[in-house]
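So the structure is just underneath, and the comments pick up after that.
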Amino acid sequence: MTASLDAQVNSQDQTATDFNPNRAPQLRSYEERVAKMKEMANVTDYVEFRKKNYKPKVSTWGVFERPKDISKAFGGGRTIKAGEYDKWLEQQKKVEEEKRKLLGTQEEKFDPKLEQEARQNMSIAFTMLENTQFYEAKDLFQTVRMKFPFRSKIAGKATYGLAMALDALGQTGKAQDLYKSLKLHPNMEIKKSAKMLLSGIEAMKFFGVSAEDDTDYSSFDRYFEGLGRVRRFDLSQSSLFKRTEKDIAQEKEDLLLSVGILLGLFLIPAFLVGSLRLRSHPVTVSDVVNTAQQWSAVARAVVHK
1 MTASLDAQVN
11 SQDQTATDFN
21 PNRAPQLRSY
31 EERVAKMKEM
41 ANVTDYVEFR
51 KKNYKPKVST
61 WGVFERPKDI
71 SKAFGGGRTI
81 KAGEYDKWLE
91 QQKKVEEEKR
101 KLLGTQEEKF
111 DPKLEQEARQ
121 NMSIAFTMLE
131 NTQFYEAKDL
141 FQTVRMKFPF
151 RSKIAGKATY
161 GLAMALDALG
171 QTGKAQDLYK
181 SLKLHPNMEI
191 KKSAKMLLSG
201 IEAMKFFGVS
211 AEDDTDYSSF
221 DRYFEGLGRV
231 RRFDLSQSSL
241 FKRTEKDIAQ
251 EKEDLLLSVG
261 ILLGLFLIPA
271 FLVGSLRLRS
281 HPVTVSDVVN
291 TAQQWSAVAR
301 AVVHK
């Protein structure tokens with residue numbers, strides 16, 4: 001039927017009024033014949049439809065008619081002139097601001113000095129994280145976090161850094177709680193990063209992997225000096241070596257030994273000179289008083305300086 005109608009449209013000799021609906025092919029049921037005749041009777045509308053629409057000849061492009069001018073029928077195909085893109089960006093910014101106001105995610109304005117100080121502290125804290133100074137970074141992140149509301153971008157980043165510091169210190173439970181709270185943060189970047197790290201913790205729990213280092217390094221002491229003191233974190237320096245109780249006691253002994261040597265360098269010559277003087281000139285009470293006065297004068301001069 002469609003082929004016969006197409007032939008009628010393309011024919012120059014036959015018009016739409018010459019079409020006879022009784023020439024429709026014999027159909028199996030009377031209802032189908034009536035429906036087909038009604039469809040074929042309105043040939044004028046069909047001709048107009050064929051003029052405005054296009055039917056692909058290849059099935060890979062579709063089998064149904066479509067408008068010949070897609071842009072005119074459905075819109076689109078707009079030509080962007082010079083300068084219109086900047087205007088469009090400004091309009092998009094205004095739309096985003098309106099959305100933030102409606103959703104309550106508008107970034108609050110804080111004291112510029114306080115905000116600048118917080119950003120500097122966070123930069124220092126992230127540098128500490130990179131240098132494995134996790135305890136110092138944790139305290140700094142906590143300080144910044146308490147000065148701003150949770151929904152602000154600064155507090156969100158500080159909470160994110162605090163969670164990473166706690167995770168590095170082995171406090172996975174606390175870090176996981178912070179990551180879960182950040183899933184509700186209005187900032188999409190912070191929310192996405194928190195979800196990624198939270199999924200990592202959940203994957204570790206699923207596979208039964210722990211971040212704690214339970215290796216017994218003491219068995220390596222016989223081969224490598226001091227390797228048994230290796231730890232994951234360091235409280236005082238930017239290194240992977242943590243001072244143990246034995247190290248602290250040894251440091252105290254070294255300090256006392258250094259002080260003793262320093263005192264000996266001054267006291268031994270003074271003792272020798274004093275003993276020689278005693279042999280040649282006996283010490284009297286007035287000599288002791290004069291010496292004490294001299295030393296007190298020297299002490300006062302040092303204090304005043």
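Per the UniProt record's numbering, the very first residue in the sequence shown carries number 1; after that it's consecutive.
Note that CB positions come from ideal geometry on N, CA and C, so glycine has one too.
key: Rounded straight-line distance, which links the Cα of Asp69 to that of Ala194   = Taking the sequence shown and counting its residues from 1, one reaches residue 194 at position 194. Taking the sequence shown and counting its residues from 1, one reaches residue 69 at position 69. So the two alpha carbons sit approximately 48 Å from each other.
ask   = Is the distance from the Cβ of Ala163 to the Cβ of Phe134 below 8 Å?
value = Along the sequence shown, read from residue 1 onward, the residue named residue 163 stands at position 163. Along the sequence shown, read from residue 1 onward, the residue named residue 134 stands at position 134. Contact: no.
ask   = With a Cβ-Cβ cutoff of 8 Å, do Ala155 and Pro149 count as a contact?
value = Position 155 of the sequence shown, counting from 1, holds the residue named residue 155. Position 149 of the sequence shown, counting from 1, holds the residue named residue 149. Closer than 8 Å, so yes.
ask   = Would you call Asp167 buried or exposed, if buried means 16 or more other Cβ atoms sit within 10 Å of its Cβ?
value = As a working mapping, residue 167 is identified with position 167 in the sequence shown. Around the beta carbon of Asp167, 16 or more other beta carbons lie within 10 angstroms, which makes this residue buried.
inquiry  = Would Met128 and Glu136 be called neighbours here (beta carbons separated by less than 8 Å)?
reply    = Along the sequence shown, one-based indexing puts residue 128 at 128. Along the sequence shown, one-based indexing puts residue 136 at 136. The answer is yes: Cβ separation under 8 Å.
DSSP state of Pro67 mapped onto helix, strand, coil = Locating residue 67 in the sequence shown gives position 67, where the first residue counts as 1. Pro67 falls in the strand class under three-state DSSP.
ask   = Do Tyr160 and Leu140 have their C-beta atoms closer together than 8 Å?
value = Here residue 160 refers to the residue found at position 160 when the sequence shown is read from its first residue. Here residue 140 refers to the residue found at position 140 when the sequence shown is read from its first residue. Against a cut-off of 8 Å, the Cβ pair of Leu140 and Tyr160 comes out as no contact.
Residue span of the alpha helix (DSSP H) that contains Leu162, given as start and end = In the sequence shown, residue 162 corresponds to position 162, counting from 1. Element bounds for Leu162: Lys153 to Ala168.
query = For the candidate residues Gly83, Glu84 and Asn53, whose alpha-carbon lies nearest to that of Ala73?
reply = Position 73 of the sequence shown, counting from 1, holds the residue named residue 73. Among Gly83, Glu84 and Asn53, the Cα nearest to that of Ala73 is on Asn53.
ask   = Among Lys153, Lys101 and Gly173, which has the Cα closest to the Cα of Phe110?
value = Here residue 110 is taken as the residue at index 110 of the sequence shown, counted from 1. Here the closest residue by C-alpha is Lys153.
inquiry  = At 3 residues or longer, what runs of the beta strand (DSSP E) sit wholly inside the region 243-267?
reply    = none
Cβ-based burial, Leu178 [other Cβ within 10 Å; buried from 16] = Here residue 178 refers to the residue found at position 178 of the sequence shown. Buried.
message = Could you give the first and the last residue of the continuous alpha helix (DSSP H) run that contains Ile80?
response = One-based indexing of the sequence shown puts residue 80 at position 80. No alpha helix (DSSP H) contains Ile80, which DSSP labels as neither H nor E.
inquiry  = Quick check: what's the CA-CA separation for Lys192 versus Gly62?
reply    = Mapped onto the sequence shown, residue 192 falls at position 192. Mapped onto the sequence shown, residue 62 falls at position 62. Between the alpha carbons of Lys192 and Gly62 lies a distance of about 40 Å.
key: Assigned secondary structure, Asn131 (DSSP; H/G/I helix, E/B strand, else coil)   = By 1-based counting over the sequence shown, the position of residue 131 is 131. Note: Asn131 maps to coil in three-state DSSP.
request  = May I ask you to report which of helix, strand or coil DSSP gives Asn53?
outcome  = Translated into the one-based positions of the sequence shown, residue 53 becomes position 53. If DSSP states are grouped into helix, strand and coil, Asn53 belongs with the strands.
request  = Could you work out which residue in Lys147, Arg151 and Phe266 is closest to Leu114 when comparing CA atoms only?
outcome  = Locating residue 114 in the sequence shown gives position 114, where the first residue counts as 1. Closest in alpha carbon position to Leu114, among Lys147, Arg151 and Phe266, is Lys147.
ask   = Using CA coordinates, which residue listed in Thr172, Gln171, Leu198 and Gly173 is at the minimum distance from Leu184?
value = Against the sequence shown, residue 184 aligns to sequence position 184. Nearest option by C-alpha distance: Leu198.
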